[in-house]
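There are 2 protein chains.
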Amino acid sequence: MSDQAVINKRLSGLDEILDKSAQLMAHLGYHGTSMRDLAQVTGRSLSGLYHYFSNKEELLFLINQRGFTSLLAMSSNLLEQELKPEERLSGLITNHVTYFIDHLSEMRIMTSGTMEMNEQRSQTLWKLKQEYTELAQNIVGDYIRSQTDTDHSTNIINRKTYLLYGMMNWIFGWYSAKDHGTATQVADDIFSTFTSGCCPK
Amino acid sequence: MSDQAVINKRLSGLDEILDKSAQLMAHLGYHGTSMRDLAQVTGRSLSGLYHYFSNKEELLFLINQRGFTSLLAMSSNLLEQELKPEERLSGLITNHVTYFIDHLSEMRIMTSGTMEMNEQRSQTLWKLKQEYTELAQNIVGDYIRSQTDTDHSTNIINRKTYLLYGMMNWIFGWYSAKDHGTATQVADDIFSTFTSGCCPK
DNA sequence: TAAATTAACGAACGGTCGTTCGGATAATTA
DNA sequence: TAATTATCCGAACGACCGTTCGTTAATTTA
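Going down the list, the sequences are from chains A and B. First residue of the first sequence: 106, per this note's numbering; consecutive thereafter. First residue of the second sequence: 106, per this note's numbering; consecutive thereafter.
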């Protein structure tokens, strides 16, 4: 077996554990989910889990790191492409909402903070989040400037970005595919509301 | 001592416990906060706490019930007053955001779901939330109809309401008084963004 | 003042927690 | 095939969990 295959195998085993752990933790919370619970849903023994991570806190970290890295990779090229500001904004929202709805459990964990982690892990995740937030702030800032050509303070643009975050990140509080349509429809609605307000033309 | 005074005294003791418990639980999570932790921050003994509630789950329920009842009481008269639709919407947002920022810890708990509670308590809270949500949906629906006079489906209005919820409820993820202004300023920003989009006139 | 109720406490219980350890089995490599 | 490494496990550890018990101090009521 090649080195890459070994890595894939390991990642595949770990990925499966991260997926199933995230699903259960999204329901029961970090402290509410025991290592024994995780052993059961992953079909492994309690002690066998510790082959993949050194403790429960690291598992939580890995779920977060994987998620934010994926999210960031998905949208980081939006700034490089030749796009109009509103196309960039639309792309950001669509990426985020689609990823969110496809990974509801992980996102629930990712949006619940890093209080349980040590300083270093917490900071690593903070940097990932910060990178993503700055990406969003740039895209929102460019869009607003393209529409009004007056200058707005960083604080105001940041606050607007957080409001957009809110509309997108609150999805897990209400979304059901049956009642609220596809990810694309939700993304379009958020884009429309954020850019033009709640009243359709 | 009169009956009412007795009730006040009891509520005052309980209220103090609910406040301090909510603060700690907002940091550590429900399962992450032990009864011994709560005994310490409330300046009481471990067993002494059980005089005010019968178990930890009931404590969580009481924090939620008190919060949602206050929130609902604050805005339930908006429909009765003679107000223009946009004034009602503005009032709802201001009430919600102000309460939110004044009670950040409780709101953090209130927005984290009822997974830890039994069916009956969970349902009691669900009804309170539902009542509040319907209030918001009515106000948002009236506003949208007043601006466009075409008819919109309930689903669309509900989705818009949830987007507004998102902007308001995500506050705990970013708000600091130093960087982001007063509750009123945040409320105005949310109202403006929700009604007219992100680009100031 | 006497009785009754409220508020508070220390100590202990059974149970579950995260983690560790020594060893087994399966897979890969030399 | 032999050596090496990656997976996996049962059993056990000490620590901490929510809760209960019997009792005492403080306050209110009669």
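Cβ coordinates follow ideal geometry from the N, Cα and C atoms, glycine included.
7 angstroms Cβ cutoff, residue i in contact with chain B
{"i": "A:R264", "result": "yes"}
{"i": "A:D294", "result": "yes"}
{"i": "A:Y237", "result": "no"}
{"i": "A:R215", "result": "The sequence shown places Met at residue 215 of chain A, rather than the Arg named in the question. Cβ-Cβ to chain B under 7 angstroms: no for A:M215."}
{"i": "A:Q326", "result": "Outside the displayed span of chain A (106 to 306) sits residue 326 of chain A, for which this structure offers no information."}
{"i": "A:H134", "result": "Note that residue 134 of chain A is Gly in the sequence shown, not His. True, the Cβ-Cβ gap to chain B drops below 7 angstroms."}
{"i": "A:A110", "result": "At A:A110, the pLDDT of 33 sits below 50, so the modelled position is not reliable; the number obtained from the coordinates is stated separately. No, its Cβ sits nowhere closer than 7 angstroms to a Cβ of chain B."}
{"i": "A:Y267", "result": "yes"}
{"i": "A:G137", "result": "yes"}
{"i": "A:G172", "result": "no"}
{"i": "A:W231", "result": "no"}
{"i": "A:H285", "result": "yes"}
Spatially closest choice to residue i from the options, by CA coordinates
{"i": "B:T138", "options": "B:I249, B:I214, B:L240 and B:H208", "result": "B:I214"}
{"i": "A:M222", "options": "A:T255, A:I198 and A:I168", "result": "A:I168"}
{"i": "A:F158", "options": "A:M130, A:E185, A:Q128 and A:L123", "result": "A:L123"}
{"i": "A:S258", "options": "B:K189, B:D142, B:D284 and B:K161", "result": "B:D284"}
{"i": "B:Q242", "options": "B:S150, B:L154 and B:P190", "result": "B:P190"}
{"i": "B:E239", "options": "B:M140, B:D142 and B:L197", "result": "B:L197"}
{"i": "B:Q290", "options": "B:L209, B:E187, B:T203 and B:Q186", "result": "B:T203"}
{"i": "B:M212", "options": "B:R264, B:L129, B:L188 and B:T300", "result": "B:L129"}
{"i": "B:L268", "options": "A:H208, A:Q225 and A:F277", "result": "A:F277"}
{"i": "A:T216", "options": "A:F173, A:L151, A:I249 and A:E187", "result": "A:F173"}
Proximity below 7 angstroms, CB of residue i to CB of residue j
{"i": "B:Q228", "j": "A:C304", "result": "no"}
{"i": "B:M272", "j": "A:M273", "result": "no"}
{"i": "B:W275", "j": "A:W275", "result": "yes"}
{"i": "A:L151", "j": "A:A144", "result": "yes"}
{"i": "B:G302", "j": "A:T300", "result": "yes"}
Residues of its chain near residue i, where Cβ-Cβ distance is below 7 angstroms and the 5 sequence neighbours each way are ignored
{"i": "B:L165", "result": "Y135, E221 and M222"}
{"i": "A:E236", "result": "L177"}
{"i": "B:D293", "result": "none"}
Chain-order list of residues whose beta-carbon lies under 8 angstroms from that of residue i (same chain, five-residue window excluded)
{"i": "A:Q170", "result": "T229, L230 and L233"}
Contact with chain A by residue i, beta-carbon distance below 7 angstroms
{"i": "B:F299", "result": "yes"}
{"i": "B:M179", "result": "no"}
{"i": "B:N274", "result": "yes"}
{"i": "B:G271", "result": "yes"}
{"i": "B:G302", "result": "yes"}
{"i": "B:I168", "result": "no"}
{"i": "B:I244", "result": "no"}
Nonlocal neighbours in the same chain, by C-beta distance under 6 angstroms from residue i, ignoring five residues either side
{"i": "A:R193", "result": "L183 and I244"}
{"i": "B:I206", "result": "A288"}
{"i": "B:W201", "result": "First, the residue type needs correcting, since residue 201 of chain B is His and not Trp in the sequence shown. M273, listed in sequence order."}
{"i": "B:T298", "result": "none"}
{"i": "A:L209", "result": "F277"}
{"i": "A:T53", "result": "Residue 53 of chain A falls outside the range modelled here, since chain A spans only 106 to 306, and no answer is possible."}
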